[in-house]
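**Q**
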Amino acid sequence: MNSELLLREHDLKVTPQRLGILSLMKIRGHVDVEELFLAMKKQFASISLATLYKNVNAMLEKQLITEIKAPNFKAKYEIVKEPHIHLLCKECNEFVDLDINLETLIDDASKKSNYQLEESCVVLSGLCEKCQTK
Numbered sequence: 014m015n016s017e018l019l020l021r022e023h024d025l026k027v028t029p030q031r032l033g034i035l036s037l038m039k040i041r042g043h044v045d046v047e048e049l050f051l052a053m054k055k056q057f058a059s060i061s062l063a064t065l066y067k068n069v070n071a072m073l074e075k076q077l078i079t080e081i082k083a084p085n086f087k088a089k090y091e092i093v094k095e096p097h098i099h100l101l102c103k104e105c106n107e108f109v110d111l112d113i114n115l116e117t118l119i120d121d122a123s124k125k126s127n128y129q130l131e132e133s134c135v136v137l138s139g140l141c142e143k144c145q146t147k
């Protein structure tokens, strides 16, 4: 995945800061603003939290990245990809994708609620395999 191309496809100016944000998201998968800020400070010593939020919000508006909210946890961000769910370990805070077809769930929810559903964010929490064996 070419970050410069992604930015251009989403009508965003290619900047070193935006390339750095996307690079970190590619490596880690899911990041919160604090993780982003600490990593970006190493690369761009003068970056401010306001600048970081400005870039994150621009990418959110253009639907290049998405925000994942889980109760009692900081919001995480990831590059938009095919619909999937997230698994969150309550012990070690591991946050991973699980590819599951969400169409059936969305269709069932739509039929039962009479809502016209447009988006979904499913986060299931529990204990990962490593934490179960501790």
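Per this note's numbering, the very first residue in the sequence shown carries number 14; after that it's consecutive. Using N, Cα and C, we set each Cβ at its ideal position, and we do this for glycine too. Quick caveat: nothing in here was measured; it's all calculated off a predicted structure.
Throw me the rounded Cβ distance for the Met38 and Val46 pair, which I believe falls under 8 Å.
**A** Within the sequence shown, residue 38 is the residue found at index 25, counting from 1. Within the sequence shown, residue 46 is the residue found at index 33, counting from 1. About 12 Å separates the two Cβ atoms, so there is no contact after all.
**Q** Tell me the DSSP bridge mates of Cys102?
**A** Taking the first residue of the sequence shown as position 1, residue 102 is located at position 89. Gly139, per the DSSP bridge assignment.
**Q** How would you call Lys89, buried or exposed, if buried means at least 16 neighbouring beta carbons within 10 angstroms?
**A** Within the sequence shown, residue 89 is the residue found at index 76, counting from 1. Flag for Lys89 reads buried.
**Q** Among the residues of its own chain, which have a CB less than 7 Å from the CB of Val27, if the five just before and after it don't count?
**A** Along the sequence shown, read from residue 1 onward, the residue named residue 27 stands at position 14. If we look at Val27 and ignore the five residues flanking it on each side, its Cβ neighbours are Glu17, Leu20, Arg21.
**Q** Reducing DSSP to helix, strand and coil, say where Glu48 ends up.
**A** As a working mapping, residue 48 is identified with position 35 in the sequence shown. Correct three-state label for Glu48: helix.
**Q** Excluding the 5 residues preceding and the 5 following Cys141 in the sequence, name in chain order all residues of the same chain whose CB lies nearer than 6 Å to its CB.
**A** Within the sequence shown, the letter at position 128 stands for residue 141. The answer, listed in chain order, is Cys102, Glu107.
**Q** Could you spell out where the beta strand (DSSP E) holding Val69 opens and where it closes?
**A** Residue 69 sits at position 56 when you count from the first residue of the sequence shown. Counting along the chain, Val69 falls outside any beta strand (DSSP E), though it belongs to the alpha helix (DSSP H) covering 62 to 74.
**Q** For Leu51 and Lys125, I'd like the C-alpha separation in whole angstroms.
**A** Here the question's residue 51 lines up with position 38 in the sequence shown. Here the question's residue 125 lines up with position 112 in the sequence shown. Roughly 44 Å between the two C-alpha positions.
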